[in-house]
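*Asks:*
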Amino acid sequence: SRLCRALDQFQRREVLTEAIAIMAFFKVAAPVLAFLVAPVDGVKVQRHHHLRGGEIASVAMHLYRHDCGTKSKFSYLQIPGAGMEPGAIKPFTNVLKDGFFEVDCVKDYLFEHGDKFGDNKASYKLGDITNVSIVHYAAHVPKEDREQMTHEICFEFCRTVPDMLFFGLTNGRECYCTPYYEMEASDSSECDEVCDGDKGLICGGKTKSSLFSMHSCSNTAEMLTNTATSMTEVGGELTALSELTTQASTALQGGAATYQDKFGQAGDPGASDLMQSAKVFAGVLDKALGVAGDVSKSAADLDGKAKAAAGGELSSSKTVGEAEDLIKEMEATTTKAEASIEELEGLMAAMAGIADEEAAKDAAKQYYPAMYFVDKKFDKMPSTCTGEASEKPIVASLDGCARACDNDLHECVGFSYFGVAAGQQQQQQQQPGPTGLCFLFSKLKTIRYYTGCSEQGDHNDVQCYGKLSKFEGTAIAPNPSGKCEGCLKEAKQADRCFA
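Here the sequence shown stands for residues 494 to 992, where the numbers follow the numbering used here.
1) Between the stretch 768-777 and the stretch 882-894, do three or more beta carbon pairs fall short of 8 Å?
2) Quick check on P973: buried or exposed, where buried means 16 or more other Cβ atoms within 10 Å of its Cβ?
3) Please name the residue, chosen from A759, F659 and Y673, that lies closest to C946 on a Cα-to-Cα basis.
4) Could you tell me which of L902, A575, C651 and P635 sits nearest to G592, measuring between CA atoms?
5) May I ask which residues mark the beginning and end of the alpha helix (DSSP H) holding K772?
6) With a threshold of 7 Å on Cβ separation, who are the neighbours of M577 within its own chain once the five nearest residues in sequence on each side are excluded?
7) Assuming contact is defined by CB atoms lying nearer than 8 Å, are C894 and K960 in contact in what I supplied?
8) Residues in its own chain within less than 6 Å of Q922 by CB, not counting five upstream and five downstream?
9) My understanding is that G804 touches T812, with C-beta atoms under 8 Å, so please give their C-beta distance in whole angstroms.
10) Give the C-beta separation of S706 and L662 to the nearest angstrom, bearing in mind that I take them to be a contact with Cβ-Cβ under 8 Å.
11) Identify every residue that forms a DSSP beta bridge with D601.
12) Counting pairs of beta carbons, one from the stretch 726-740 and one from the stretch 788-805, are three or more of them closer than 8 Å?
13) Could you give the C-beta distance for C931 and F908, rounded to a whole number, given that I count them as a contact under 8 Å?
14) Grouping DSSP H, G and I as helix and E and B as strand, with all else coil, what is H903?
15) Could you round the C-beta distance between M823 and L782 to whole angstroms and report it? I think they count as a contact, below 8 Å.
16) Among P655, L717 and Y752, which one has its Cα closest to the Cα of A801?
17) Going straight from the alpha carbon of T722 to that of E851, what length do you get?
18) Using a Cβ-Cβ cut-off of 7 Å (strictly less than) and excluding sequence neighbours within five positions of C990, which residues of its own chain qualify?
19) Going straight from the alpha carbon of S935 to that of Y910, what length do you get?
20) With H, G and I counted as helix, E and B as strand and the rest as coil, what does DSSP make of K938?
21) To the nearest angstrom, report how far apart D855 and D849 are at their CA atoms.
22) Quick one: Cα of L619 to Cα of L603, how far?
23) How about E948: is its Cβ closer than 7 Å to a heavy atom in the ligand NAD?
24) For L704 versus Y674, is the C-beta spacing smaller than 8 Å?
25) According to DSSP, is C946 helix, strand or coil?
26) I need the boundaries of the beta strand (DSSP E) containing E692, first residue and last residue.
27) Do A984 and A968 have their beta-carbon atoms positioned less than 8 Å apart in this structure?
28) With a cut-off of 8 Å on the beta carbons, I'd call P875 and Q753 a contact; round off their distance for me.
29) I'd like the span of the beta strand (DSSP E) that includes E881, first residue to last.
30) If contacts are defined as beta-carbon pairs under 8 Å, then G574 and T671 qualify, I think. What distance do you get, rounded to the angstrom?
31) Would you identify the three-state DSSP class for C898, choosing helix, strand or coil?
32) Measuring CB atoms only, is the stretch 823-833 touching the stretch 863-870, in the sense that at least three cross pairs come out at less than 8 Å?
This is the structure in structure tokens:
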């Protein structure tokens, strides 16, 4: 499901990039193309502090919802009359636009001759043509409430002015909204005035305007629901994986504690060290589970808020802004959940490869007790071994352990297996799945075999195994000459039992 979402975003980005390229080539078609690309969304973004839920795309489109999914509510038939009733304009009331991107740097005819009510009203020439007027930020925002100008400040204002499809910035500080723009002849100057509110941005020039297209969207409730659905889907995946990881951690901790005590008393430091490594790895799993649990809790809380918000009225600037904040929180939580999933999947990789017990059936038949390659007289005796680990400790049945070694094709040559020990039976009944402990090795170094164990008992589930295809026809008993690279460093008999 995460791959599908990523592919969908990639496809949307491709469509959007192509539209922007066409717009750059045919500047006269900018207003039309702005309508064509208005519903397109879905690319990764960067937050801006002035606007809620803000995003900036790789093609410099700033987005404030992920996917409009609806056509613009405006048409060119509605543009005549735009901005002609300044007294009816109530900025920051209803949010009408959800994103913007830069389209041009030109001397805008409308800035000079489309200002019906501002400083340039004496030069107004559109009354008999389109009967529209630009709307100035400074004309509608009291001086004490004005902020130093940036792209986002201007957008935050113009997105709430009806019938406006573009906004322009000039001279580093002047912001105006316009239903369209028209390039007129000008000098060779550029848009090179930095914004008063952000010296890293350009806000037009002395005579030219930096122009931005806005696009419309009216599906905030739908986006809340869709974003929440996406988050809960990922959250469900995280919950399921967390349950499996918890089972593994519990089995590792319980089995390692039982066996570490047994082998500590039996004087088998190698086996005791293996159990300690299992405990350490269980601690790593528990830490990752703690992070996953926090993410899951956040997801559940946000899902409740999203359902409440989607069921309310989302039309005012305040409620839409709050919804956009919520969408952004859910997106961030989804990203965290996906990161937790990837971490847990990495930690559980070896165990995930043997999850299908049916597929692992009889895999152990390709493995012989390691003592078979040392001294066949003792190949039925319980044994433990140490070596170079090829994987983290895992929880598995004997066949599952063998299958894990098979999956580690170029590394694993054998493993030390510890079946369900006395004292673990109750735990096994309470917990689904295998609870045996398995330690995979890329090289076997030492082995200890117990000749004092009876033929009956759970100690017979403890055995060091070697892969038949690796050791068939060879002897790995310790070689005093030190010239046998594949031989064990030590094979020690213990005339007692660990159980």
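Glycine included, each C-beta is placed from N, C-alpha and C at the ideal position.
*Replies:* To lay it out plainly:
1) In this structure the stretch 768-777 lies against the stretch 882-894, because at least three pairs of beta carbons, one per stretch, are closer than 8 Å.
2) Exposed is the call here.
3) A759 is the residue among A759, F659 and Y673 whose C-alpha sits nearest the C-alpha of C946.
4) The shortest Cα separation from G592 among L902, A575, C651 and P635 belongs to C651.
5) That run of the alpha helix (DSSP H) goes P762 to A803.
6) Only K609, N624, V625 and S626 meet the Cβ criterion.
7) Going by C-beta atoms, C894 is not nearer than 8 Å to K960.
8) Interpretation of Q922 is limited by its pLDDT of 47, a score under 50 that renders its predicted location unreliable; the figure taken from the coordinates is listed afterwards. Within the same chain, Q922 has no close Cβ partners at all.
9) Actually they do not touch by this definition, with Cβ atoms about 12 Å apart.
10) At roughly 13 Å, the Cβ-Cβ gap does not stay under 8 Å, so S706 and L662 are not in contact.
11) DSSP, once it has assigned bridges, lists M676 as partnering D601.
12) Under the Cβ criterion (8 Å, minimum of three pairs), the stretch 726-740 counts as touching the stretch 788-805.
13) Sure, about 6 Å apart at Cβ, within 8 Å.
14) In the structure shown, H903 adopts coil according to DSSP, grouped into three states.
15) Not really, about 22 Å apart at Cβ, beyond 8 Å.
16) Nearest of P655, L717 and Y752 to A801, Cα basis: L717.
17) Rounded to the nearest angstrom, the gap between the Cα atoms of T722 and E851 is 34 Å.
18) Contacts found: Y943, G945, C946 and H952.
19) About 15 Å.
20) Shown here, K938 sits in a strand according to DSSP, grouped into three states.
21) Straight-line spacing of the CA atoms in D855 and D849 works out to 13 Å.
22) Whole-angstrom Cα-Cα distance: 8 Å.
23) For the ligand NAD, the structure offers nothing, since it holds no ligand at all.
24) Yes, the Cβ-Cβ distance between L704 and Y674 is below 8 Å.
25) DSSP places C946 in coil when its eight states are reduced to three.
26) Inspection of the sequence shows that residue 692 is occupied by Lys rather than by Glu. DSSP places K692 inside the beta strand (DSSP E), whose first and last residues are D691 to I695.
27) When the beta-carbon positions are compared, A968 and A984 stay at least 8 Å from each other.
28) P875 to Q753, Cβ: 16 Å. No contact.
29) First-last of the beta strand (DSSP E) with E881: S876 to A882.
30) Not confirmed; about 14 Å, so no contact.
31) C898 sits in a helix when the DSSP states are folded into three classes.
32) Here the stretch 823-833 does not lie against the stretch 863-870, with fewer than 3 beta-carbon pairs under 8 Å apart.
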